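The next block holds one structure in the form of structure tokens; read it before the comments.
2 protein chains.
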Amino acid sequence: MRIGVDILGGDFWPEAPVEGAVLALDKFGPDIELVLIGDENLIRQELAKHGADPSRFSIVNCTEMVGMEESPTKGIASKPNSTINVGIGMVKTGQLDGFVSAGNTGAMLVASIMGLGRIPGVNRPTIGALFPNHNGEPILLLDVGANVDSKPEHILHYARLGSIYMESVRKVEKPRVGLMNVGEEESKGPADVKAAHALLKESGRLNFVGNVEGRDIYHGKADVYVCDGYTGNIILKFGESMYDVLKSRYAGDAFIEAFNFENYGGVPILGIRGISIIGHGISNGKAIASMIGSAVEAVRNGLVQKIEAAFQTDAQTADTK
Amino acid sequence: MRIGVDILGGDFWPEAPVEGAVLALDKFGPDIELVLIGDENLIRQELAKHGADPSRFSIVNCTEMVGMEESPTKGIASKPNSTINVGIGMVKTGQLDGFVSAGNTGAMLVASIMGLGRIPGVNRPTIGALFPNHNGEPILLLDVGANVDSKPEHILHYARLGSIYMESVRKVEKPRVGLMNVGEEESKGPADVKAAHALLKESGRLNFVGNVEGRDIYHGKADVYVCDGYTGNIILKFGESMYDVLKSRYAGDAFIEAFNFENYGGVPILGIRGISIIGHGISNGKAIASMIGSAVEAVRNGLVQKIEAAFQTDAQTADTK
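Below, the structure written as structure tokens:
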């Protein structure tokens, strides 16, 4: 299996991505080949700092990058040889099984969706994030920002995609799906959320447990929490900042460390034809290594194939109804 | 000054409200008279448990209550003699300067808005909540659930109401207003949020600092954070649950205790003609005492009068434009 790593992305390039690759080497099995995509000279310099043998990695020399503040669409269109375009292109042609980048989030999203294409039947590809519940077990929240304007039918697909991910990759049996809302009662919430509730309830392919509230994320009422990308993004960043505040006081405490997003790796963009993982700009080496691990797990468990099969079945069942 | 306390509301009535009144007695100045509204026998029993002198309180005997699970509109309409209706009625007639209840949130909201009426010019009364930032200083988040479907012009009024509250009651000079969004750039976010951004920017009466993200709540980028009531409610409950999780591990720790909502009292419903404070159902005695303190501060600082004056000026300025 070949996993590509964007060396020219994130706030701490090239140090963090190279360190992540060094940390990930040999960690996820002997069949993993790490492909470092970036400026070859810089990569060799960084590997030397870690005393790592460059022959253990593949290097694709690539000196163009989409900057963190650049317009995603313009960056992707004007820089065909940027690390993001090269990495996604290699996934598309099968030269890579997955690609991870902590670079420009919008650019990764655009390149991944445009470059790899949607899985037939999926209305909106989505980005999720893993959180710990109060037992330190990961739960999935989605969408966390791919689609700030989400319609009820998009939320239905987030639920389906998130369930398949948690079941096939995270080995959660019949993942419980909760809809983020202001109260448990079906009658509560904005009009769109009420409509989403009805769709989730009627779907027949989800283990839908109903509305869940903000407090239920840590309290473990569900395994998959769905909402629009505006709300999900705010929840995610608020939760992460809580960890930052706590870390300033309780550095190294195992209980607090369970709230560190870096431990959970990234979730692949769900609903596209390939594995592409977007990391935080602030990702350090450890976070990049987790992202590589997440890509490996997604490939090993045939995530894309399982989503394709599920949405094909959904379509066939709908046809024969 | 006379502050009414609903003794038949919340998950722990009559114990918690009576305990709260006992804790609040003499705490907020010699001019405060506490009016306990509820079953007189129960009140006297509870006061006796605390060894409190009943003659230090006023008691309004009232045995009807709107249950926590009851439909707010039906409860308010069918029980004119319930503690909530009696308390709000006494605010309306001037027999009370403020009323606090940890009872049925919807019933309190309906009774307060219908009973006391909106301040002219305010499009939607709103409920806010105080949070600590990373320095333990309170910031205000609103709306947290009064209006799950909030339009851009409602969000503008939340900002104006929240600023007046923070300035007049919490003594924050020129409170900074941030709009909850997924990124700093004006171009980001759902259509309604972008429209709200434009209104806030153009208002001329706010210290608007632009978009803020989930991570900025603790990091102190603003004093007033505005969003729709769906998002705000989820943020509030998520933040509170974080405290619950931490408390289970670090009971009594002062750093963690800064995240305890009970320390911050309640924020009056903003935009109505009177002081009415809704507490959490789970409020304990300490939380009720904080709510009483919040009511006292709001009355002392002439909050309602200041909002009336500000919205009158806004209207006049708009007329002469």
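Chains as they are written, first to last, in this note's numbering: chain A, 208 to 528; chain B, 208 to 528.
Where is the CB? At the ideal position from N, CA and C, for every residue including glycine.
Please read all numbers here as calculations on a predicted model, not as lab measurements.
Problem set entry | Same chain only: Cβ atoms within 8 Å of E344 (chain A), ignoring 5 sequence neighbours per side | G427
Exercise. So is K395 (chain A) in contact with chain B if we call contact Cβ pairs under 9 Å?
Worked result: yes
Exercise. What alpha helix (DSSP H) runs, 4 residues minimum, are completely inside the region 337-390 of chain B?
Worked result: 359-375
Exercise. When you compare only the Cα positions, how much space is there between M449 (chain A) and V419 (chain B)?
Worked result: 16 Å
Exercise. Taking Cβ to Cβ, would you say S297 (chain B) is nearer than 9 Å to V242 (chain B)?
Worked result: Residue identity check: residue 297 (chain B) is Met in the sequence provided, not Ser. For M297 (chain B) and V242 (chain B), yes; Cβs fall inside 9 Å.
Exercise. So what's S483 (chain A) in DSSP terms, helix, strand or just coil?
Worked result: In the structure shown, S483 (chain A) sits in a strand (DSSP, three-state: E or B).
For this session: Would you kindly work out how many angstroms separate the C-alpha atoms of D399 (chain A) and I362 (chain A), rounded to a whole number?
Result: 10 Å
Problem set entry | Alpha-carbon to alpha-carbon, T312 (chain A) and G385 (chain B) | 23 Å
Exercise. Considering E247 (chain A), what are the terminal residues of the alpha helix (DSSP H) in which it resides?
Worked result: 247-256
For this session: Verify whether the separation of the beta carbon atoms of G245 (chain B) and D218 (chain B) is less than 9 Å.
Result: When the beta-carbon positions are compared, G245 (chain B) and D218 (chain B) stay at least 9 Å from each other.
Exercise. Secondary structure at V225 (chain B), three-state DSSP: helix, strand or coil?
Worked result: helix
For this session: Along the beta strand (DSSP E) that carries I210 (chain A), what are the first and last residues, could you check?
Result: Run containing I210 (chain A): 209-213, per the beta strand (DSSP E) assignment.
For this session: Tell me whether N418 (chain A) sits in a helix, a strand or coil according to DSSP, three-state version.
Result: strand
Problem set entry | Three-state secondary structure (DSSP) of F518 (chain A) | It is helical.
Exercise. Comparing alpha-carbon positions, which option in A:A228, A:A505, A:G211 lies nearest R377 (chain A)?
Worked result: A:A505
Problem set entry | Distance between Y425 (chain A) and I476 (chain A) (C-alpha atoms, nearest Å) | 23 Å
Exercise. If the cut is a Cβ gap below 8 Å, which residues of chain A does A398 (chain B) touch?
Worked result: Neighbours of A398 (chain B) on chain A, chain order: D356.
Problem set entry | Where the beta strand (DSSP E) containing Y471 (chain B) begins and where it ends | Taken as a continuous stretch (DSSP letters only), Y471 (chain B) belongs to no beta strand (DSSP E), as it is neither H nor E.
Exercise. What residues from the region 431-451 of chain A come within 8 Å of chain B, judged by C-beta to C-beta, listed N to C?
Worked result: Those would be C434, D435, G436, Y437, T438, N440, I441, I442, L443, K444, F445, G446, E447, S448, M449, D451, in chain order.
Exercise. Which residues in the same chain as Q519 (chain A) place their Cβ atom closer than 8 Å to its Cβ, once the five residues preceding and following it in sequence are excluded?
Worked result: P327, G328
Problem set entry | CA nearest to the CA of E447 (chain A), picked from A:A336, A:E247, A:P224 | A:A336
Exercise. Which two residues bound the contiguous alpha helix (DSSP H) that contains Y450 (chain B)?
Worked result: 436-454
For this session: Starting from Y425 (chain B), follow the alpha helix (DSSP H) in both directions and report where the run begins and ends.
Result: 423-426
Exercise. Name the residues in the region 314-344 of chain B whose C-beta lies less than 8 Å from a C-beta of chain A; which are they?
Worked result: H341
For this session: Kindly provide the ranges of any beta strand (DSSP E) runs that are 3 or more residues long and lie completely inside the region 267-314 of chain B, ordered along the chain.
Result: 305-308
Problem set entry | Short CB-CB distance (under 9 Å) between H426 (chain A) and chain B | It does; some Cβ of chain B falls within 9 Å.
Exercise. For G335 (chain B), which residues does DSSP report across the bridge?
Worked result: B:L349
Exercise. Is the Cβ-Cβ distance between A255 (chain A) and G492 (chain A) less than 9 Å?
Worked result: no
Exercise. Taking just the CA atoms, how far does L348 (chain B) sit from R367 (chain B)?
Worked result: Straight across, the Cα-Cα distance linking R367 (chain B) with L348 (chain B) is about 13 Å.
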